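Note sheet for the following structure.
In full-length UniProt numbering, the protein residues as written are 1 to 257.
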């Protein structure tokens, strides 16, 4: 682990499983760890991180193959979960942090908390970790999803379109069984969900995906009544389009943690 400071911001690296993960820490107040999602970096979440650092000691990092993190030989849910676990193990925080995850990062947060609840004060899950009643991706969706993976490639992400495509299929399986993980978490949990994860189009996959997304959250709230929820009228890009709203919800919901 190497440390350097940039004004009030501290950077260090965590090395494990053949990868190097860049970690930043800054701000003041209660500890908070932010886990980004697939094809998303801490730089992408800079505005949200900046707002949260006004009253929180915020740790952020890049998953393998993202941002300044090194590429890896394998990209899978378990591999990304090992990245989160390695970062958490490397931290020396004054008290248990709230773990905030976006998209894939929310799913990683739930799986981590199911095994390590004693190390956390609570969870905030942004547009992820949804116990879907049925898979998002049907055979009819695969060609469109593969095309989306190819179009979504960015220089900041080392994953190939095929990596993203395979991970999308894996995430359907993960979310199909994630309710069991929630049952093992004895912490305050708050979810922030988009009303239209797939956009507001009236044709194609959007109506079905939006319906499944809401049905999954409703299922979660029925099965785990202690989980609370806020909806934001947005698509899956809500962490970029509704940053002040999300930051305020996180602040307001952390009181019980």
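Glycine is no exception: its CB is placed at the ideal position from the N, C-alpha and C atoms.
These numbers were taken from a predicted model, which means no experiment stands behind them.
- By the Cβ test, the region 123-135 is in contact with the region 167-176, since at least three Cβ pairs between them sit closer than 8 Å.
- Taking 8 Å as the cut-off, the beta carbon of residue 185 is found closer than this to the beta carbon of residue 113.
- Bounds of the alpha helix (DSSP H) holding residue 214 are 206-223.
- Secondary structure at residue 102: strand, using DSSP grouped into helix, strand and coil.
- Within the UniProt domain "AB hydrolase-1" (31-141), the beta strand (DSSP E) runs of at least 3 residues that lie entirely inside it are, in chain order, 56-61, 98-102, 122-126.
- Going by C-alpha positions, residue 226 is about 18 Å away from residue 127.
- Counting other Cβ atoms within 10 Å of its Cβ, residue 102 reaches 16 or more and is therefore classed as buried.
- One thing to note: residue 100 has its Cβ within 8 Å of the Cβ of residue 250.
- Beta-bridge annotation (DSSP): residue 202 is not paired with any residue.
- In the three-state DSSP reduction, residue 185 falls in the coil class, being neither helix nor strand.
- Shortest Cα-Cα distance from residue 131 to any of 223, 24, 15 involves 223.
- Ranked by how close their Cα comes to the Cα of residue 240, the residues 125, 40, 68, 195 have 40 in first place.
- Ranked by Cα distance from residue 166, the options 233, 146, 179 are led by 146.
- DSSP places residue 228 within a strand segment (E or B) once states are collapsed to three.
- Shown here, residue 178 sits in a helix according to DSSP, grouped into three states.
- Bounds of the alpha helix (DSSP H) holding residue 245 are 243-253.
- With three or more CB-CB distances shorter than 8 Å, the region 53-62 counts as touching the region 23-42.
- As computed with DSSP, residue 192 is found in a beta bridge with 126, 230.
- According to DSSP, residue pairing for residue 157 in a beta bridge involves 66.
- In the three-state reduction of the DSSP assignment, residue 168 falls in the helix class, which pools H, G and I.
- Between residue 93 and residue 52, the alpha-carbon positions lie close to 17 Å from each other.
- Looking only at 192, 204, 215, 191, the smallest Cα-Cα distance to residue 143 is reached by 204.
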